[in-house]
Amino acid sequence: MMGVAGMLTLRRKPGEALCIGEDTIIVIEALEHGDVRMRVSSPQAIRVEHPNTDDRRLPDDRKHQPR
């Protein structure tokens, strides 16, 4: 079953994790100049580019596709 992702506000420091349910973990990797790098571990995790981000670095056939 696929859900809809909305805005998620995290108040975590680098290295801290947020557990969602039994099998999903979000770990904040780094905070640099307003950019956040995070790792999501889940058996059903996919990555999509947000429409407001600069995704020109991806070939068109890879945009908004599960990875």
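Residue numbers (my numbering): 148 to 214. All C-beta atoms, glycine included, are put in the ideal place defined by N, C-alpha and C. All values reported here derive from a predicted model rather than from experimental measurement.
With which residues is E179 paired in a DSSP beta bridge?
D182
According to DSSP, is V174 helix, strand or coil?
Strand.
Could you pull the DSSP bridge partners for I187 from this structure?
In the sequence under discussion, the amino acid at residue 187 is Val, which differs from the Ile named in the question. The partner list for V187 (beta bridge, DSSP) reads I173.
On the three-state DSSP scale, how would you describe I167?
DSSP places I167 in the strand class (E or B) of the three-state scheme.
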